[in-house]
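The structure under discussion appears below in the form of structure tokens.
Residue numbers (the numbering used here), protein chains in the order written: chain A, 343 to 1057; chain B, 343 to 1057.
Okay, here's the thing in structure tokens:
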């Protein structure tokens, strides 16, 4: 049944082909007047410069890591890592291209037809969505095809002693399931690029935003999006870099993480199946002890199949949205399309699980995961949309003063962690109850199965936003701006849901990766055992180090966030200086200030790589599991708090700008602007980067699991 | 050796007697002019009204809980609970009395001699410090004396089946070590009052502060501390309620928690000593398997002895400070006194451990704990004092605008979690390595062993602050105000250290309580086993629920904080309305607005009681351990972040007021006031209440451990 792999292969090819079709659709439309084209060109150039610069710097880092992986493990592992990094980077480039290609076309189409403008924005989003899903899945499929031998059940656990260098130095056997290393390295590549994108993009976009505000206010009094303010182009570039590139890379990375955690756990369980209690786990999955080769492949490829049909569902839903004639209610079209993709994905998953030799309870895990993700998304919308009570109350508080507004925003963000915490806890218990250790991993897979659609809709938002900026910059009539504003507003609801969804799915997918890590750690001594992490233990060596590591882990997200916020302020300061210095030389200065501080990005990203290794080597592999869980717990709460505090303060400002409490220019508005400025880096830099932090650390832990000692040396 | 208990008994009596002496010393001094006496009277009346009202409301809650404990367990447990609550409440009253008795006397003395004023303020603080330590220890000693039979090693584990009602309903044996229940109930009583004080006082003080600002600014333009502003008296009252009553109750509660966790663990280990691996733990403590009755008492009473001699050390240090002639450098006197008490306590602990039959490594745990607590305290000072770079940098950022300042403050607070996280992790590994499961508990004991001194110095601060307020209100010459300001500034450094110390010790003491809980949970089935908590497990019933509970636990502190912040805003709003309504009728209105919202206090406190019971009954006793650890991890980070963000924003404001970046009235100053208002509830309401949250939940978990099922029913 290895041949099943050709189904994802074909579907990936089809998905990537469709991006070309969507691109042709875009190219058929005109980008409008010279002025509009020029604005588009500036944004495009800015975004490309940023991405190229980033890619160039990052290629060096990636290269060094690949060499280390090659020396430590196998060349296959190093190449899988490079593939993951390359594809993630490519997804960023494609998204950047489509977004900056579509924006002016949306503006132009908005002069004639709202539905046409909507379609173009959707097409731009679709390119990104399909590219993310297609590339991520395509890369994995490619690994299966190229390194088929490593996944072969007959030889799965043989190559253990093939790496004399490391095992002789450390006196330990290297992780003996090469296939698990290959998929993890692929995931690490994707995660690393995603974090770099998020950190780099997040710092740049908020620093540009801050700089635009400061320059606009302090130097000359220019309206928002005025092209004479060089920082405002940078701001538009930042939107693309952060919201398109960053979010796409983030979801791609969650997506890959959720697939590979199922695969890694499965590989370990399969290799250890002669152990009675492990074989019980296989039975829970619906596979009896005497698992045939056919069944082995079925179970291994099922995650890829589910994801593949998620892409088909996305394509159908995108097609529906473009073809749908209901020009009156585009909001409903967008919502229905998103719902359609989710429902279709679940129907396909149902059929696949039904046809597979798997226990049917796995389907329920997928369904629970999908529901949990959507629920967390909606909660985020409830707390951050001005349509509901929390933001309305926040606007009222803000009208009493900036300080009370910010305090209220913080309380709102903290309170918004309640339902997500509850939902995640229930989903964990339920999926675990249904399918044991596989349950959580399949839950994560379910959450991310229709990621293509999520990314498409999330990309639609910044495209519509940019289109509005271009309309303003090119001085188009009020009517056009109104249409682009409406398109933007339509996207905002789904975008809020999407952001919440990204956090929820990140938590679940990180947990699945931690479970996979523990299998790798428990199985690294040349035989597989069921992993256990004891927080308190009869074995003092474990008890002490795991608890200590939990504290360390819980502290890391705070420090990480602090560094990010500081990087934003510092970069903004530098940008302002640069802009002041070169203010008269526009447009040449664009190139000068478009550089984010790569050293900071690399420093912050490096922490993420080094920390798990440090904890693993110093405190041992059990402690590292504690560290990861501590970090995850802290990350999830902090990410939700930051995202929703920032989102609510932003929308409270917009609500006041809409004419409430005195509207624009009132004291309430001044207070709300202060609130928004405080919330911005929380929402756009800290929150999203935290999503990736734990996943990347976990995947690194999986890769290096076999090198860590069990306990600290001094014990 | 039971007779050893008379040593703490005598020392307690001596400590309480000294509070009378210090009170006589205060009474000998005059409170100054009529005007000053009147101001003092207002503050005193306000504080008393608040405390009485609080006590009255709370007596009902306490009574209900006592009846429940009586029905569920033994009457001894219920009375121990009442004793703990009563003593904690009394400590609050005594502190309130001494602070509001000393304040005007300090102002008056400041007209003649700085050293004299300093001495009076120290005497006021000493009353609180000695009362807290003396009452807490005295209550425990009383329990030993009265319920001696329950602690008798011969009968320790016998009375298991004596509670037919509950055990027959639930079909489970009640926790069979009555002595452990008695000390835990005592601790629960103290914790509950402490949380109520912290929540009630914290909400009241910040709401009054906010109301004073709003009324002062919006209604009439009155300077700070102007007696015509009724809210400013409320503000002064709030300082006493929050800083004196709250902090005292907080430290008392940590103090009791750290003692009883050692005792509970020890009782379980002793009862289970026939089990080979448990007896190994006893040997680690220096007690061989054939532990004699003499040794049993020694080991049980050692924690009380260490604490007793901590009180002696405090008395010596206080004496040194009052007698010291170095009037020039009072800062040094205060610091040296604090150091002296710490060093003496360690010397006494050294001697006690040396004389006891205990393994000497226990002393190192005590020393590590003390060091860790002090280190965390100093870190807090580094991040929040304007003498160091972080606050100076923050002031610079604030001068660029309120938003950038607040963002910088948040980053600073987040960054400040780094060293404490590291210190706690290292202390856990080190103490565990030295003395196994007892290590952490002894570390916590070491941290809190000189608590009398910490409380004294922490109470000194608000007394000096209040004295300044009275000098201002009574229109005394600038010279007097300068002296009180200087006395206040001297206290600020040690207060910052004290606040950090409270957080660090809370974390450690909560962890010790969680360990004690696990012993209670593991030992509840009628026999004692070594507790284990598995986060991931071969047993899916444990694996799933513990992880889920970790997520739930980590979310709780955020929700708790959100409720607190909302309560502050809501109460402030009500106060402002009340003040506006009655503005002309001063001073009668004082009584009207002095009521905090008790319903909110009770609601928030009840959550803390109900949550652990809910998790314990619904998800089982292992999951509850996960829940507590998740809450602790989140609490510690959030508490440090809130405390230091608030502290730094406060001092950045003061730094600007001192003339930097334009000084008072400048744009920088306006921005810093906004920052301070955001930081205030974080620092004075959220941070301190979080300290207590986990300890109270843990102690409740200990009490009810035997009633919880092992797994959820549906598994």
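Where is the CB? At the ideal position from N, CA and C, for every residue including glycine. What you are looking at is a predicted structure, and each value in this text was computed from that prediction instead of being measured.
Starting from the Cα of residue i, find the closest Cα among the options and give me that residue.
i              : options                           : result
residue 403(B) : 415(B), 388(B), 428(B) and 418(B) : 428(B)
residue 779(B) : 810(B), 861(B) and 753(B)         : 861(B)
residue 343(B) : 383(B), 652(B), 430(B) and 490(B) : 490(B)
residue 377(B) : 765(B), 902(B), 392(B) and 447(B) : 447(B)
residue 967(B) : 998(B), 890(B) and 589(B)         : 890(B)
residue 749(A) : 399(B), 372(B), 774(B) and 987(B) : 987(B)
residue 907(A) : 414(A), 665(A) and 548(A)         : 548(A)
residue 841(B) : 526(B), 584(B) and 646(B)         : 584(B)
residue 440(B) : 362(B), 418(B) and 394(B)         : 362(B)
residue 754(A) : 911(B), 582(B), 701(B) and 871(B) : 911(B)
Is residue i near the ligand FMN - that is, is its Cβ less than 7 Å away from at least one heavy atom of it?
i              : result
residue 712(A) : Although the ligand FMN was asked about, the structure shown includes no ligands whatsoever.
Could you check if residue i is buried or exposed, using at least 16 other CB atoms within 10 Å of its CB as the buried criterion?
i               : result
residue 975(B)  : buried
residue 933(A)  : Caution is warranted here: a pLDDT of 45 is assigned to residue 933(A), below 50, making its placement in the model unreliable, and the coordinate value is therefore given only provisionally. It is exposed - the Cβ of residue 933(A) has fewer than 16 other Cβ atoms within 10 Å.
residue 739(B)  : buried
residue 483(B)  : buried
residue 355(B)  : exposed
residue 562(B)  : Low confidence applies here, because residue 562(B) scores a pLDDT of 49, under 50, leaving its location unreliable; read the following figure in that light. Exposed.
residue 926(A)  : Only weak support is given to the placement of residue 926(A): the predicted model assigns it a pLDDT of 49, under 50, and the value that follows is read from those uncertain coordinates. By the 10 Å Cβ count, residue 926(A) comes out exposed.
residue 689(B)  : exposed
residue 1001(B) : exposed
residue 1045(A) : buried
residue 929(B)  : Here residue 929(B) scores only 46 on pLDDT, less than 50, and its place in the model is too uncertain to base an answer on.
residue 849(B)  : buried
residue 1029(A) : buried
residue 597(A)  : buried
residue 936(A)  : Caution applies to residue 936(A), whose pLDDT of 48 falls short of 50 and renders its modelled position unreliable; the value that the coordinates give is listed next. So residue 936(A) counts as buried.
residue 674(A)  : exposed
residue 396(A)  : buried
residue 702(B)  : exposed
If contacts are defined as beta-carbon pairs under 8 Å, then residue i and residue j qualify, I think. What distance do you get, rounded to the angstrom?
i              : j              : result
residue 479(B) : residue 650(B) : 6 Å
residue 874(B) : residue 876(A) : 5 Å
residue 990(B) : residue 751(B) : 6 Å
residue 893(A) : residue 982(B) : Contact doesn't hold; Cβ gap of about 11 Å is too wide.
residue 782(B) : residue 853(B) : 6 Å
residue 385(A) : residue 575(A) : 6 Å
Inset, instruction - Count the C-beta pairs between the region 713–725 of chain A and the region 751–762 of chain A that are closer than 8 Å, then say yes if the count reaches three, no if not. - result: yes
Legend entry - Meets three-Cβ-pair contact criterion under 8 Å: the region 792–812 of chain A and the region 723–734 of chain A: no
Inset, instruction - Could you run through the region 885–897 of chain B and flag, in chain order, every residue whose CB is less than 9 Å away from some CB of chain A? - result: Those would be 885, 886, 887, 888, 889, 890, 891, 892, 893, 894, 895, 896 and 897, in chain order.
Legend entry - Under 7 Å (Cβ pairs) to chain A, residues found in the region 898–913 of chain B: For the region 898–913 of chain B, the residues whose beta carbon sits under 7 Å from a beta carbon of chain A are, in order, 900, 901, 903, 904, 907, 908 and 911.
Legend entry - Three CB pairs or more closer than 8 Å across the region 680–699 of chain B and the region 731–747 of chain B: The region 680–699 of chain B makes no contact with the region 731–747 of chain B: fewer than 3 CB pairs, one atom from each, lie closer than 8 Å.
Legend entry - At least three beta-carbon pairs within less than 8 Å, the region 416–427 of chain A to the region 529–536 of chain A: They touch, by the three-pair rule.
Inset, instruction - Could you please tell me which residues of the region 777–788 of chain B, in chain order, have their CB closer than 9 Å to any CB of chain A? - result: 778, 779, 781 and 782
Inset, instruction - Spell out a yes or no on whether the region 996–1015 of chain A and the region 1032–1051 of chain A are touching, meaning 3 or more CB-CB pairs, one atom from each, closer than 8 Å. - result: no
Inset, instruction - Check whether the region 438–454 of chain B touches the region 810–818 of chain B, counting contact only when three or more Cβ pairs, one atom from each stretch, lie closer than 8 Å. - result: yes
Legend entry - contact_flag[the region 606–621 of chain B, the region 845–862 of chain B] where n(CB pairs < 8 Å) is 3 or more: yes
Inset, instruction - Using a Cβ-Cβ cut-off of less than 8 Å, give me the residues of the region 608–622 of chain B that come near chain A, in sequence order. - result: Only 619 from the region 608–622 of chain B bring a Cβ to less than 8 Å from some Cβ of chain A.
Inset, instruction - Compile a chain-ordered list of the residues in the region 714–745 of chain A whose CB is closer than 9 Å to at least one CB of chain B. - result: Of all residues in the region 714–745 of chain A, 739, 742, 743, 744 and 745 have a Cβ within less than 9 Å of some Cβ in chain B.
Inset, instruction - Below 7 Å between beta carbons is the criterion; list the residues of the region 997–1021 of chain B that meet it against any residue of chain A, in chain order. - result: 1016, 1019 and 1020
Legend entry - Touch test, the region 654–673 of chain B against the region 612–626 of chain B, Cβ-Cβ under 8 Å, three pairs minimum: Not touching, per the Cβ criterion.
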